[in-house]
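Reviewing the structure listed below.
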Amino acid sequence: MISKSIKIEFLLLALLITKNSLSGKDEDVVVQNRQATISKRYLKKFPEKVITAADMAANLQDEQKKMLAFLFKIQKVEMPDTDIEKVAHNIIANQAQKKYSKNNSIISLQAIEKLNVFQAEHSLLSELTTSSSFLGKNALLYELSDPTTLVDALLEKQQIIKTIGETATLKTILVNTSSLETSILNFWNNKPMLPKYIEDGIYFGGPFARFFNINKLVEPFNRYPILLELKSPGLGTLFTLIQAIIAPELINKYGPSAISENTDFQAVLKMPYATRVKMVSEMTKNALNSGFFLYKWLFNNYPKATAAGTAYISLGLYQVIVQTYNIENWFAHMQKHFIDLATYLEHTRNIVRCFKENNLYYPLAFPELEHLIDLDNKAKHSADFNQLVDLLKTSTFKGTASKLSYLGRVKCAYKLFMNVRQEFEPILYAMAKLQMYNGVAQLMTSSANKQNRFCFAEFVDYGPYVEAVDFWNPMVGQETAVSNSLFMTPSEKDIILHGPNTGGKTTTIKGLIYNILLAQTLGIGAAQQLILSPFAQINCFMDIQDDVSQGFSLFDAEVRFATELHNSVHQLQENEYAFTIADEILRSTSPSKGQACAYQFTKKLAKNPNSMSITVTHYPKLVELSNETPNNGFRTFHVEIIRNANGKVIRTYKLKLGATTENIAGDILQEHGIFDASDLAEVERLEEEFKN
Numbered sequence: 004m005i006s007k008s009i010k011i012e013f014l015l016l017a018l019l020i021t022k023n024s025l026s027g028k029d030e031d032v033v034v035q036n037r038q039a040t041i042s043k044r045y046l047k048k049f050p051e052k053v054i055t056a057a058d059m060a061a062n063l064q065d066e067q068k069k070m071l072a073f074l075f076k077i078q079k080v081e082m083p084d085t086d087i088e089k090v091a092h093n094i095i096a097n098q099a100q101k102k103y104s105k106n107n108s109i110i111s112l113q114a115i116e117k118l119n120v121f122q123a124e125h126s127l128l129s130e131l132t133t134s135s136s137f138l139g140k141n142a143l144l145y146e147l148s149d150p151t152t153l154v155d156a157l158l159e160k161q162q163i164i165k166t167i168g169e170t171a172t173l174k175t176i177l178v179n180t181s182s183l184e185t186s187i188l189n190f191w192n193n194k195p196m197l198p199k200y201i202e203d204g205i206y207f208g209g210p211f212a213r214f215f216n217i218n219k220l221v222e223p224f225n226r227y228p229i230l231l232e233l234k235s236p237g238l239g240t241l242f243t244l245i246q247a248i249i250a251p252e253l254i255n256k257y258g259p260s261a262i263s264e265n266t267d268f269q270a271v272l273k274m275p276y277a278t279r280v281k282m283v284s285e286m287t288k289n290a291l292n293s294g295f296f297l298y299k300w301l302f303n304n305y306p307k308a309t310a311a312g313t314a315y316i317s318l319g320l321y322q323v324i325v326q327t328y329n330i331e332n333w334f335a336h337m338q339k340h341f342i343d344l345a346t347y348l349e350h351t352r353n354i355v356r357c358f359k360e361n362n363l364y365y366p367l368a369f370p371e372l373e374h375l376i377d378l379d380n381k382a383k384h385s386a387d388f389n390q391l392v393d394l395l396k397t398s399t400f401k402g403t404a405s406k407l408s409y410l411g412r413v414k415c416a417y418k419l420f421m422n423v424r425q426e427f428e429p430i431l432y433a434m435a436k437l438q439m440y441n442g443v444a445q446l447m448t449s450s451a452n453k454q455n456r457f458c459f460a461e462f463v464d465y466g467p468y469v470e471a472v473d474f475w476n477p478m479v480g481q482e483t484a485v486s487n488s489l490f491m492t493p494s495e496k497d498i499i500l501h502g503p504n505t506g507g508k509t510t511t512i513k514g515l516i517y518n519i520l521l522a523q524t525l526g527i528g529a530a531q532q533l534i535l536s537p538f539a540q541i542n543c544f545m546d547i548q549d550d551v552s553q554g555f556s557l558f559d560a561e562v563r564f565a566t567e568l569h570n571s572v573h574q575l576q577e578n579e580y581a582f583t584i585a586d587e588i589l590r591s592t593s594p595s596k597g598q599a600c601a602y603q604f605t606k607k608l609a610k611n612p613n614s615m616s617i618t619v620t621h622y623p624k625l626v627e628l629s630n631e632t633p634n635n636g637f638r639t640f641h642v643e644i645i646r647n648a649n650g651k652v653i654r655t656y657k658l659k660l661g662a663t664t665e666n667i668a669g670d671i672l673q674e675h676g677i678f679d680a681s682d683l684a685e686v687e688r689l690e691e692e693f694k695n
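Residue numbers for the sequence shown follow this note's numbering, so the first one is 4 and each next one is one higher.
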């Protein structure tokens, strides 16, 4: 019999449940953009460094050093892998916010967090990631967070996975594009790739154009590679060199006052005119081929013969020559990245051809194919984008990068790309989805002959229904996970799972809900066979925390969640189903009252024919639910614990039908060295005493 005080306690709980809302709702209710929240949480993996005043001063010195260093060595733009992953994530996040539902009502962000879908280093995402594709990994992140009940879409996803797994051409292309990702994603480096003063010297515009407000007039010149080839700091060298010829003639005609007193060309004047022309010709040739060798020639030869005037010329030329040399090297380096981009785009064209030749089109699962199809459709893109795509088809962006290439095209491509970078993001997103499906195909193939394998889920249009044969928890690991089987139908839809601590109860029920999540996101399961009715709600009542800042005790927090769960389940439509896992619910009050409230809440939730649940508990009263009335839909399972001949506990992690009286709390304390044999004997004596 349930005491009167316990009934009063439950009535208070029931009163809370019947309310439509409570203060301090789950953040999912108020969040306006689900994908933005997911992105914010995922990026917590990459903590931002706190910048101090000392750091700022050091950074300023570093920037000054880098600016000077730019004159002496090639500045590459390679980002570390952590930055590459952040760039990939931001690109996918921007596209996901346009594609996915803003507030998916099937599973809450709170449940995703409790199930550790993506937050930690060891997560469901990390366990399922098989390829090196940064884009594919981040596409998988958002896919796992957005389950659907649309069976047609899930079947299309299965078909894409099968097609990629069976088509060698597609697999090869996706492997090749994955290897190019790092090079391409470097274009999304938020740090300036070129110092501003260098960029102003390379391109039309700059301070002069801004001062006279003619930027709009000269900016179009940057779209002509031939003009950018001519507008090179190296040509400034030529004009400086010509001074070696012009200056003596000026002095001959106008006298020494024509030249600054600091520019002594007396040594040059004494040289024959033909000699001066020959020297300048050789210097110019070297400058155009390699500024570095020109400087070396000047330093070793020219000053020795000419004293102050020519020494001044060589010093004046030094910065221009070395700067020119390094800028040309920098653009040759950038040429490699553009060659990779051109190759990547050609791979996307090959993918489109493969899809068209095999009549493959999946409007529900892969509508992003249109972005690849439209790559060369000029009506779909800006003029700058179209020019860049055409430019990348030229010979400059094939083969190997070289300083002898037509670098005017590279400069033009760089300027165009900076203008239209965002237009490439839908293309990268489409490729990310394919990389994601390719990763799933690899999972399916690699596990085909293993005991713990992945399978394609099957869906039924009645329910609630789950048939999971040899399902396993992917978070445990494919090689070590212990599989179990469960069969849940409309007439046997609720399970009470109990048993000793550390026996694997929570791991097992998480394994089942992971299977349901995988089925409704990717169309697969971690099982030999998985058949289910799609669930409109996937609920996770576990690991509830208090919120002292809001004045909520742990029991308050449990009641709030119970209220939301109760209300959401009772809003289900006729053909909608909910699957709930509940782990040690309403445990934060007195044991007797907590047990009574948990008993009644579980029973109340199960009364809804569209609700299916597994409740993990240590409360012995809940075990009796399956015996309360015949055919009430409840069954009791336990995780098996056996003892060897020496009495040592052996955990099998296997589900067994029926109840158990096994309790190994004392054994666990003994395993950790807290209890000895005498303590265990005393525990047993006290347990009997407390029962009486």
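Every residue, glycine too, gets a C-beta built ideally from N, C-alpha and C.
query: Would you kindly work out how many angstroms separate the C-alpha atoms of L25 and N422, rounded to a whole number?; result: The predicted model places L25 with a pLDDT of 38, which falls under 50 and marks its position as unreliable, so this point remains unresolved.
query: Looking at the structure shown, is H384 part of a helix, part of a strand, or coil, going by DSSP?; result: coil
query: Would you say L220 and G411 are within 7 Å of each other, going by their C-beta atoms?; result: no
query: With DSSP as the reference, label I588 as helix, strand or coil.; result: coil
query: Beta carbon of A581, beta carbon of Q540: below 7 Å?; result: yes
query: Out of A560, M82, S136 and Y602, which one is the CA nearest neighbour of D497?; result: Y602
query: Alpha carbon to alpha carbon, how far is T185 from V469?; result: 42 Å
query: For the stretch 580-594 against the stretch 440-454, do three or more pairs of beta-carbon atoms, one drawn from each stretch, fall closer than 8 Å, so that the two count as touching?; result: no
query: Using beta-carbon positions only, say whether E169 and T524 come within less than 7 Å of one another.; result: no
query: Identify, in the order they occur along the chain, each residue of the same chain with its Cβ nearer than 7 Å to the Cβ of E685, setting aside the five sequence neighbours on each side.; result: none
query: Quick one: grab the DSSP three-state call for G528.; result: strand
query: When we look at the beta-carbon of F341 and count the other beta-carbons within 10 Å, is it buried (16 or more) or exposed?; result: buried
query: Using only the alpha-carbon positions, how far apart do G676 and V652 sit?; result: 15 Å
query: Is the stretch 472-479 touching the stretch 510-528, taking contact as three or more C-beta pairs under 8 Å?; result: yes
query: The alpha helix (DSSP H) with F137 in it runs from where to where?; result: F137 to L147
query: Just verifying my parser: in three-state terms, what is the DSSP assignment at F457?; result: coil
query: What beta strand (DSSP E) runs, 3 residues minimum, are completely inside the stretch 461-498?; result: 469-474 and 487-491
query: Let me make sure I understand the geometry here. Which of L173, Q113 and T151 has the alpha-carbon closest to that of N697?; result: The chain is shown only over 4 to 695; residue 697 falls outside these bounds and no answer can be derived.
query: In the DSSP output, what is K659 paired with across the bridge?; result: H641
query: What residues in its chain sit with their C-beta under 6 Å from that of V178, if we drop five residues either side in the sequence?; result: none
query: Could you have a look at Q540 and say whether DSSP puts it in helix, strand or coil?; result: strand
query: Can you tell me whether DSSP reads L533 as helix, strand or coil?; result: strand
query: Among the residues of its own chain, which have a CB less than 8 Å from the CB of G528, if the five just before and after it don't count?; result: F457, C458, F459, A460, A471, F474, N518, L521 and A522
query: Tell me which same chain residues have a C-beta within less than 7 Å of the C-beta of Y257, skipping the five on either side of it?; result: At Y257, the pLDDT of 46 sits below 50, so the modelled position is not reliable; the number obtained from the coordinates is stated separately. Counting only Cβ-Cβ distances below 7 Å, and skipping sequence neighbours, we find nothing.
query: In terms of residues, what are the limits of the alpha helix (DSSP H) holding V619?; result: Note, V619: premise wrong, no alpha helix (DSSP H); beta strand (DSSP E) at S614 to V619.
query: Can you give me the C-alpha to C-alpha distance between G502 and R356, rounded to a whole angstrom?; result: 57 Å
query: Compute the Euclidean distance between the alpha carbons of A680 and R688, then round it to the nearest angstrom.; result: 13 Å
query: How many angstroms separate the CA atom of R654 from the CA atom of E674?; result: 13 Å
query: Using CA coordinates, which residue listed in L419, S616, P370 and F334 is at the minimum distance from V572?; result: S616
query: I'd like to know whether the C-beta atoms of F640 and L500 end up nearer to each other than 7 Å.; result: yes
query: Is it buried or exposed, D464, if we count other Cβ atoms within 10 angstroms and call 16 or more buried?; result: exposed
query: Can you list, in chain order, the residues of its chain with a C-beta nearer than 8 Å to that of L575? Leave out the 5 residues immediately preceding and following it.; result: A539, Q540, A581, N611, N613 and S614
query: Under 6 Å Cβ to Cβ from I376, same chain only, skipping five residues before and after it: list those, please.; result: V355
query: In its own chain, which residues sit with a C-beta less than 6 Å from the C-beta of P467, not counting the 5 before and 5 after it?; result: K496, S536, Y580 and M615
query: Three-state secondary structure (DSSP) at H501?; result: strand
query: Could you tell me which whole alpha helix (DSSP H) segments of length 4 or greater appear in the stretch 388-443?; result: 410-423
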